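Since the structure comes first, as C-alpha cells, the remarks are kept for the end.
Residue numbers (this note's numbering): 16 to 631.
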C-alpha cells in the first residue's frame, strides 16, 4: 500500500465512526498562554506541499561527532568517514590523570537516545600497535555526557566503542579515540579540540570545548568579529542562536537563513580564546594563539523541539560582579516540556542543570517533579500535562543583557535532564533604566521572538474503533481515531515566510485576514490528504464530517500557536501503529504539519491503556 497517498488514491465510499466529543472535551492545554496580540499582519496562501518527515523518527540513526582525520588513527588510515559501522570519531586530547568532559551526540531514529561505552579489543588499541589490558573505557551518562579521567598509562590513545540506542531499540556502534598524553613531558597549555560535532539547523545543540595542561582555572570566550557562517561574517554566536559559556560549553539552536546553494550543510566557524592565570592557550596543532573552531550545520526544513517557552522574563542589575555567582537577578520561565516517556517517579533524584547564557544553576528533582534549593533555583514539571515552570531569585544573569541602548537581547537556554539535553534561543525585548534591565518574551503577545520556533505534541490520544469501507455486510477493519493538541511555532530567524505561516489579526486596525490555506497532516506512516482550512480571524479552521477520510477537524491558532487536530478512524496498516488493545509496548507517534511558511515534525511517546493510546 502506498503510504503517501493512502487516502487519496483509494475509493472509500464511507467511513462510519463516532466523534469523540465527550472524551475530547476534557482534554486541556496544561499551561496558560496570554491572549493579547501585538500588531503583526501576515498573509497565508496555498501550500507548496513538501513531504513531512519527522526529525525524531524519520531519518537513520547515526552519531554526529567529528570524524577522525586521515592519518590520525591506524585503524582508519583514510579517516573515520567510512561506509560501514563502526565509524571512527575524534574526541580530542586529554592528559593522564586529568578529568575531561566530552559529549557523544547523535541524530535520527527515535529520540531520546541512551549512550553506553564498551571496550575495543582490536589490534589498534593503542598507538604502539598492541592493546593494553584492560582497554580503557570512560564512563558515560545516559544522555551522552562523558566525565572521567584516565589514571593509568594508556600508551598513546584510548580507543573504545560507544553504542547509541534510540527509543525504538535501534542501535549504532562507533569507535571513538581520545589521545592521552603522559604527565611527563608536560604538554603546552593548548586546546584539546578543533572540530566539534555536527549540528542541525534549528535543533538543540550541546557540546564542550576544552584545553589540556591548564595552569589554573580557564575562561573561554569567542573573539568578537570572528564568527562566520559559510564564510560570511555575523555579529556574534548569540545572533545565530548559540552561545559559548565561560566554562567552554557551546549550546543553543543554530538559527539563521541557510545560504543559497548549500542544500545539505554549511560551515560555522569562530575563534575561541582560553585564558588562564599564565596567559592564553595555543591551538591544538601549533603554537599559534587561540583556536579556530569549526562544525557543520546540516540543513533541515522542519521545526522540531523538546521545550518551547510560552513566556520568559529576566530582571538584571548591572554591572555585576561576575558570572556563576549568587547575585540579585531573577528569572521566570513557563513552557511546554516533552517528558519523552519519563514519569515523575523515574525522574526522582535525577540531576537537572539550567544554563542561561553564561550562568549555570543545578539541582535534583524530588518525586513530585520539583526542585527547590538554597541557590535560588525553583523548578516544577508536569509529565502528565507536558509543562515546565522555572523561577530563580538571587542569581547573576548579567551575561544575558545587551548594551543599554539595545531594544532586544539574544538569550540562549539549555536544560540538561538525565535522559536528554534540550536548548532554546530567544530574542527578548529589553528596556534598561538606571542600571536595571528587564528582558521579556511572550509567545502569544509577540513580545520578543523565538529564533528556531518549535514543534511538539502537548497531548495525544487514540481510541480503538472500526473502519468501514461501505461494502454491504462489511464487519469493519480495526482502526484508531486520533486527537492531537500540539505546538507549531514558526522559525522566525530561519524561514523567510515564517511571519506569514499562520493568520495574524491586528486588533488596533480591526483587520481580519480572509481566504484559506492548504494544510497537510502526517500521523505515523500516513500522510493524509491535504485539507483546505479557512481563515477565521486569527484561526484557520477545517471541518469535515464523520464520513470524511482522514482529518475530521483542524484548528490552527495564529496567536498562541497551540493547534488541534481530530482524525477519523485510520487502519493500523496505514499508520503503522497497532490498536492499543493489541499492544503492551510504548511506541512513538510520529506527527507532522506542512503549510506555506511552516513545516514541522515531531514524535511523542505514547503508551497503551486498554482500548486507548495516551501520550506519555
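For every residue, glycine included, the Cβ atom is placed at its ideal position computed from N, Cα and C.
Remember, it's a predicted structure, so these values are computed and weren't measured experimentally.
- In the DSSP secondary-structure assignment, residue 173 is bridged to 193.
- Of 291, 383, 516 and 586, the smallest CA-CA separation from residue 497 is found for 586.
- Counted as a single uninterrupted DSSP element, the stretch harbouring residue 414 is not any alpha helix (DSSP H), since DSSP gives it neither H nor E.
- Residue 402 places its beta carbon less than 8 Å from that of residue 351.
- When DSSP states are grouped into helix, strand and coil, residue 611 belongs to the coil group.
- In the three-state DSSP reduction, residue 359 falls in the helix class (H, G or I).
- Taking residue 506 as the centre and dropping the five residues before and after it, the same chain places the C-beta of 217, 318, 467, 468 and 513 closer than 6 Å to its C-beta, in chain order.
- Close CB contacts of residue 260 within its chain, under the 6 Å cut and outside five residues either way in sequence, are with 373 (chain order).
- The beta carbon of residue 296 lies closer than 6 Å to those of 204, 205, 206, 226 and 289 in the same chain, with the five residues before and after it left out.
- A direct Cα-Cα distance of roughly 19 Å separates residue 405 from residue 425.
- Comparing alpha-carbon positions, the option among 160, 135 and 151 lying closest to residue 167 turns out to be 151.
- Rounded to whole angstroms, the gap between the alpha carbons of residue 162 and residue 114 is 7 Å.
- Per DSSP, the continuous beta strand (DSSP E) segment holding residue 584 begins and ends at 577–585.
- In the structure shown, residue 163 adopts extended strand secondary structure according to DSSP, grouped into three states.
- Sequence-distant Cβ neighbours of residue 254 in its own chain, meaning closer than 7 Å and more than five residues away, are 425.
- By the CB criterion at 8 Å, residue 331 and residue 413 fall inside the cutoff.
- Here residue 267 is buried: its Cβ has 16 or more other Cβ atoms, across all protein chains shown, within 10 Å.
- Here the C-alpha atom of residue 379 lies approximately 15 Å from the C-alpha atom of residue 407.
- DSSP places residue 255 in the helix class (H, G or I) of the three-state scheme.
- Assigned with DSSP and collapsed to three states, residue 135 falls in coil, not helix or strand.
- Under a 10 Å Cβ-count criterion, residue 272 is classified as exposed, with fewer than 16 other Cβ atoms of the shown protein chains found around its own Cβ.
- For residue 534, the enclosing beta strand (DSSP E) stretches over residues 531–538.
- Taking a C-beta distance under 8 Å as the contact criterion, residue 538 and residue 590 qualify as a contact pair.
- Contact between residue 280 and residue 321 does not hold, since their C-beta atoms are separated by about 22 Å, which reaches or exceeds 8 Å.
- Three or more Cβ pairs closer than 8 Å define a contact, and the stretch 299–315 falls short of that threshold against the stretch 432–451.
- Remark: C-beta atoms of residue 131 and residue 155 approach each other more closely than 8 Å.
- The three-state reading of DSSP puts residue 479 in strand, counting E and B together.
- Secondary structure note for residue 550: its beta strand (DSSP E) is the uninterrupted segment 546–551.
- Nearest in C-alpha terms to residue 564, of all of 190, 324, 494 and 364, is 494.
- Of the residues 574, 588 and 568, the one whose Cα lies closest to the Cα of residue 540 is 588.
- Residue burial is scored here from C-beta neighbours: residue 199 has fewer than 16 other C-beta atoms within 10 angstroms and is therefore classed as exposed.
- Counted as a single uninterrupted DSSP element, the stretch harbouring residue 400 is not any beta strand (DSSP E), since DSSP gives it neither H nor E.
- Residue 571 has its alpha-carbon roughly 20 Å from the corresponding atom of residue 477.
- In the structure shown, the three-state DSSP call for residue 345 is strand.
- For the 8 Å CB-CB criterion, residue 101 and residue 189 form a contact.
- Taking the C-beta atoms as reference points, residue 329 is found nearer than 8 Å to residue 454.
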